[in-house]
Structure formats: structure tokens, C-alpha cells
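Novice: Residue numbering for the sequence shown is 3 to 348, as defined by our numbering.
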Amino acid sequence: MSFEMEGPLPGATFGGRVRLAHGGGAEAVVAAAEADPAALPQALAAAQGLLLLTGMQAIAEAPELLLRLSRRFGPEVEDYRRTLTPVNQIHASVPEILVVSNTPPVDRQPPKLPDPPLTEDGRLPTRFPHRRGWHTDQSYRRPPPDISLFLGVIPVPKGQGQTLFADGAAAYDALAPTAKARIEGLEGLHAKARTGRSHDQVLAGDPVQPLAPHERSQRQPVVRVHPVTGRRALYLCEFGQMDWLEGPLVGMEPGPHGDGARLLFELMSHLTRPEFVYVHEWDGGDLLIWDNRCLMHAATWYDAAKEKRLMWRTTVSGNPGAIYARERKSWIPERAGELAAAEDGS
Ligand SMILES: [Fe+2]
3 MSFEMEGPLP GATFGGRVRL AHGGGAEAVV AAAEADPAAL PQALAAAQGL LLLTGMQAIA
63 EAPELLLRLS RRFGPEVEDY RRTLTPVNQI HASVPEILVV SNTPPVDRQP PKLPDPPLTE
123 DGRLPTRFPH RRGWHTDQSY RRPPPDISLF LGVIPVPKGQ GQTLFADGAA AYDALAPTAK
183 ARIEGLEGLH AKARTGRSHD QVLAGDPVQP LAPHERSQRQ PVVRVHPVTG RRALYLCEFG
243 QMDWLEGPLV GMEPGPHGDG ARLLFELMSH LTRPEFVYVH EWDGGDLLIW DNRCLMHAAT
303 WYDAAKEKRL MWRTTVSGNP GAIYARERKS WIPERAGELA AAEDGS
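1. Per DSSP, what kind of secondary structure is I156 in: helix, strand or coil?
2. Which one of L269, H216, P159, H201 has the shortest CA to CA distance from E248?
3. May I ask you to report which of helix, strand or coil DSSP gives V89?
4. The beta strand (DSSP E) that contains F267, what's its start and end?
5. Who are the near neighbours of D204 in its chain, counting only those whose CB is closer than 7 Å to its CB and skipping five residues on each side?
6. Compute the distance between the beta-carbons of Y304 and Q140, then report whether it is under 7 Å.
7. Taking all protein chains shown into account, do 16 or more other C-beta atoms lie within 10 angstroms of the C-beta of E329, making it buried, or fewer, making it exposed?
8. What does a CB cutoff of less than 7 Å around Q220 pick up in its chain, not counting 5 residues either side in sequence?
9. With hydrogens ignored, establish whether the beta-carbon of D139 is closer than 6 Å to any heavy atom of ligand 3.
10. Counting C-beta neighbours from all protein chains within 10 Å, is the total for V89 16 or more, i.e. buried, or is it exposed?
11. Ignore the nearest five residues each way along the sequence and tell me which others in L11's own chain have a CB closer than 6 Å to its CB.
12. Sort R134, Q50, Q111, A60 by Cα distance to G154 and report the nearest one.
13. Mind listing, in chain order, the continuous beta strand (DSSP E) runs of no fewer than 3 residues lying wholly within the segment 157-213?
14. Ignore the nearest five residues each way along the sequence and tell me which others in T231's own chain have a CB closer than 7 Å to its CB.
15. Contact defined as beta carbons within less than 8 Å: I believe A307 pairs with A235. What is the distance between those atoms, to the nearest angstrom?
16. Taking the CB atoms as reference points, tell me whether V79 and T274 lie closer together than 7 Å.
17. Can you grab the Cα-Cα spacing for the pair V252 / A263, in whole Å?
18. Report buried or exposed for H24, applying the criterion of at least 16 other Cβ atoms within 10 angstroms of its Cβ.
19. From S150 to S4, what distance separates their C-alpha atoms?
20. Give the straight-line distance between the Cα atoms of V227 and A178, rounded to the nearest whole angstrom.
21. Among the candidates L265, G207, V158, L67, whose CA atom is the shortest distance from the CA of L188?
22. Using beta-carbon positions only, say whether A173 and F278 come within less than 7 Å of one another.
23. Quick one: is D295 buried, meaning 16 or more other Cβ sit within 10 Å of its Cβ, or exposed?
24. At what residue ranges does the segment 272-316 contain a whole run of the beta strand (DSSP E), taking only runs of 3 or more?
25. Counting along the chain, where does the alpha helix (DSSP H) carrying S103 start and finish?
26. Tell me where the beta strand (DSSP E) around R44 begins and ends.
27. So P322 packs on D148, CB below 8 Å; how close in whole Å?
28. Could you name each continuous alpha helix (DSSP H) segment of 4 residues or more that falls completely within the segment 6-39, going from the start of the chain to the end?
29. Just to confirm the assignment, what range does the alpha helix (DSSP H) spanning R234 have?
30. Please name the residue or residues paired with S319 in a DSSP beta bridge.
31. Can you give the Cα-Cα distance for R21 and T56, rounded to whole angstroms?
32. Less than 7 Å between CB atoms is the rule here; does V79 satisfy it with respect to chain D?
33. Would you call the segment 69-79 in contact with the segment 26-36, where contact means no fewer than 3 C-beta pairs closer than 8 Å?
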């Protein structure tokens, strides 16, 4: 086999670092991945959903390499021009690349510092609720995506701007049988940002916004069965990406003070225990590939006044599991007129 994997990643119990057995940069990696199409997807499953490739800087000058690599992970790489994504966040020549940056034209700001900024023993806070922002990408869509690829074109210096991962499968396995029984069959209600349903907006009593069908919150299983490995994993988000008006958990008392909130807090606090978490400190040219079906992740603060950050993301879908079979895409308006209105930003 042309690839070698070393794992788990430092300080974690999951994840793997992948490299070519005989060395080589991004071009050689992509060629090897295309010559042996099963190699990287198998490595991803073996590494419980997280791969790191280093030294991929050449992609910054040849962005189509990221698209070619993304295609190894599933049948559909999101074309952001077709998914109501603001045009300032879409890469100019490869529209399958979402640009994440604090510089123009994207101007996306980092998450806030946790309060307090460090743990009692002086470490980076990672556990919920001290650390907020844990989520899995685009869980407000049905079917949700499978894999995200994230390239550090210009990451910020180490010690800030990390990406955190939590292993939802290990966290599920570690639950007591009574807890597993309690969440069997339960569904979470996941909300898109800026639909007025975040924890803070509901707590502030913001007026309820009318939502078009393609903007509505979506149900997702709390325990998700992985379509490749068959493993069960916790599949949850928190403050910004659950519906705190009607959810966060379907069939339980809704709202930030309800029974659903209490159970979600318990589960998120468990999911983000240190033994399930990996902290990635970025180097330029690092490429992380993660499986949204079994890992949650979170971004951390960086000093946006001093540092420039430029990251590229692609999103791959097409194998969400049997429960989503034959569903139409919830986030695409059904009628052409509705789509035109949405693209207008109206
Ligand atoms: Fe994300």
C-alpha cells in the first residue's frame, strides 16, 4: 500500500497521521489516492474518523487538488454556489471550496474566549459547558454531510485557533447501559445559525422568525449508526446549532430550562470529557479530514486583531446511512421561485 498511518494522534485515543510511504507532497498524495481509491477512506474508518496529512501547502497554489482529494471520500462534493452560501465565502476558481478567514472578503470572526480563558490548572478549556461551540457540520440539513476536509492555508500561531475533536463513538460506548437505554430512539432538533433558535436568542426572548420550509430545523438521531463501520455514536450539537425553541430534544420539555436541555447538557459534558478529545494545533499545510457522522468538533479563539487566518474547507456527502434513504435535500427550496428569492438574500 502506498500510504502509511501512524496513530492515535498526540494526546488522543483516536485519529491517525497519514503519509506516503516514499514521501511526496500534495500532488503525489492526490495521485496515490486516485490510484488506490479505497486507501484513504479505509484509513479514515480505521482512525475512527480523523486523518491528518501534513505538508500539503502546494494545494494553496493548486486548489483543484483539494477537490480531487475530496472526491475520494464520497459521491458528492458540495458546490457552494448551489447551496445558498454567501458568495464572499466561496473560493473564486473552485466553488467547492468554502473560505474560512478573518480577512476580506470573508471577514469571519473567531469564537469568543471561554470564561475564564483557561482551566483551573492553566490549560485550554475543551469540556462543555466551559468550552462552547461544539457541533457537527451542517447537522441542520437532512441528509447531513459525511466528511469535511479542512486545509490550513494560513493558520494562526500555535496556542490559539485550534480545532478540537470529540469521539462520539467512544463516548457512546462509555455510557452506562441505563443511559444508553434512555437515549435509544431519541432525536435532536438541529437549527441553522441566524434562524432565531440558538440558545442565546431564545434565552433573550428574540421574536420568533417565520421560516421557509428549507430553513426549518431538522431532526437527527441522538445515537447515529455509522454506515461504514456500524458503530453507534453520539450525534449532537449545543448552543448555536440546536433548536432551543422547540427542542433541543424531540418529545422532551423544550427550551433552555427544560428537561431536554438538562439531558443535552449531561450528554455534551460527557462527550467532551478529556479522554474523548483531541486538540489540533495547526501548522501551515496541515490538512484535517474528519467524519461528521461520528465526531463533533469546535473552533477556538484567536487574536483576530493581530493574526490573519485563512482556511479552506470542502464538504462531502452521499453516504449518510439507511435512515436517510431517498430523502430530498431539506435545505434546497422546492420551487424555483423560492430559490431565486433565497439567492437574492430576501
Ligand atoms: Fe464546523
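C-beta atoms are modelled at their ideal positions from N, C-alpha and C, and glycine is treated no differently.
Specialist: In short:
1. In the sequence shown, the residue the question calls residue 156 occupies position 154. In the three-state reduction of the DSSP assignment, I156 falls in the strand class, which pools E and B.
2. Mapped onto the sequence shown, residue 248 falls at position 246. It is H201 whose Cα lies nearest to the Cα of E248.
3. By one-based count along the sequence shown, residue 89 stands at place 87. Helix, per DSSP.
4. The residue labelled residue 267 in the question sits at position 265 within the sequence shown. Careful: F267 lies outside any beta strand (DSSP E), inside the alpha helix (DSSP H) at 261-273.
5. Stepping through the sequence shown from its first residue, residue 204 is reached at position 202. Rather than Asp, the amino acid found at residue 204 in this sequence is Val. Same-chain partners within the cutoff: W246, L247, G257, P258.
6. For this step, residue 304 is matched to residue 302 along the sequence shown. For this step, residue 140 is matched to residue 138 along the sequence shown. Their beta carbons are not under 7 Å apart, which means Y304 does not touch Q140 by this criterion.
7. For the purposes of this step, residue 329 is taken as residue 327 along the sequence shown, with counting starting at 1. So E329 ends up on the exposed side.
8. Translated into the one-based positions of the sequence shown, residue 220 becomes position 218. Around Q220: Y142, R143, R144, H192, S332.
9. Of the ligands this structure carries, namely ligand 1, none is ligand 3.
10. Translated into positions along the sequence shown, residue 89 becomes position 87. V89 comes out exposed.
11. Within the sequence shown, the letter at position 9 stands for residue 11. If you ignore the 5 residues before and after L11, its C-beta comes within less than 6 Å of the C-beta of G17, Y280, all in its own chain and listed in chain order.
12. The residue labelled residue 154 in the question sits at position 152 within the sequence shown. Nearest of R134, Q50, Q111, A60 to G154, Cα basis: A60.
13. 165-169, 189-192
14. In the sequence shown, counting from the first residue as 1, residue 231 sits at position 229. Cβ within range, chain order: A47.
15. As a position in the sequence shown, residue 307 is number 305, starting the count at 1. As a position in the sequence shown, residue 235 is number 233, starting the count at 1. With 8 Å as the limit, A307 and A235 do not qualify as a contact, their Cβ atoms being about 38 Å apart.
16. Here residue 79 is taken as the residue at index 77 of the sequence shown, counted from 1. Here residue 274 is taken as the residue at index 272 of the sequence shown, counted from 1. Between V79 and T274, the C-beta spacing is not below 7 Å.
17. Position 250 of the sequence shown, counting from 1, holds the residue named residue 252. Position 261 of the sequence shown, counting from 1, holds the residue named residue 263. Answer to the nearest angstrom: the Cα atoms are 11 Å apart.
18. Your numbering for residue 24 matches position 22 in the sequence shown. Under this definition H24 is an exposed residue.
19. Along the sequence shown, read from residue 1 onward, the residue named residue 150 stands at position 148. Along the sequence shown, read from residue 1 onward, the residue named residue 4 stands at position 2. The alpha-carbon atoms of S150 and S4 are separated by roughly 23 Å.
20. Within the sequence shown, residue 227 is the residue found at index 225, counting from 1. Within the sequence shown, residue 178 is the residue found at index 176, counting from 1. Answer to the nearest angstrom: the Cα atoms are 18 Å apart.
21. Reading the sequence shown from its first residue, position 186 is the one you call residue 188. Nearest neighbour of L188 by Cα position, chosen from L265, G207, V158, L67, turns out to be L265.
22. Counting from 1 along the sequence shown, the entry for residue 173 is found at position 171. Counting from 1 along the sequence shown, the entry for residue 278 is found at position 276. Yes, they are a contact pair.
23. Residue mapping note: residue 295 aligns to position 293 of the sequence shown, counting from 1. Reading off the sequence shown, one finds Arg at residue 295, where the question assumed Asp. R295 comes out buried.
24. 279-282, 289-293, 297-301
25. By one-based count along the sequence shown, residue 103 stands at place 101. Here S103 belongs to no alpha helix (DSSP H); instead the beta strand (DSSP E) covers 100-103.
26. By 1-based counting over the sequence shown, the position of residue 44 is 42. Looking at the sequence shown, residue 44 is not Arg but Gln. No beta strand (DSSP E) holds Q44; the alpha helix (DSSP H) holding it covers 41-48.
27. Taking the sequence shown and counting its residues from 1, the one referred to as residue 322 is at position 320. Taking the sequence shown and counting its residues from 1, the one referred to as residue 148 is at position 146. Their Cβ separation, rounded to whole angstroms, is 6 Å, which keeps P322 and D148 in contact under 8 Å.
28. 28-37
29. The residue labelled residue 234 in the question sits at position 232 within the sequence shown. Not the alpha helix (DSSP H): R234 falls in the beta strand (DSSP E), residues 234-236.
30. As a first step, residue 319 must be located in the sequence shown, where it is residue number 317. Looking at the DSSP assignment, S319 forms a beta bridge with E78.
31. Counted from its first residue, the sequence shown places residue 21 at position 19. Counted from its first residue, the sequence shown places residue 56 at position 54. Their backbone Cα atoms lie some 8 Å apart in a straight line.
32. Included in the structure is just one protein chain, with no chain D present.
33. yes
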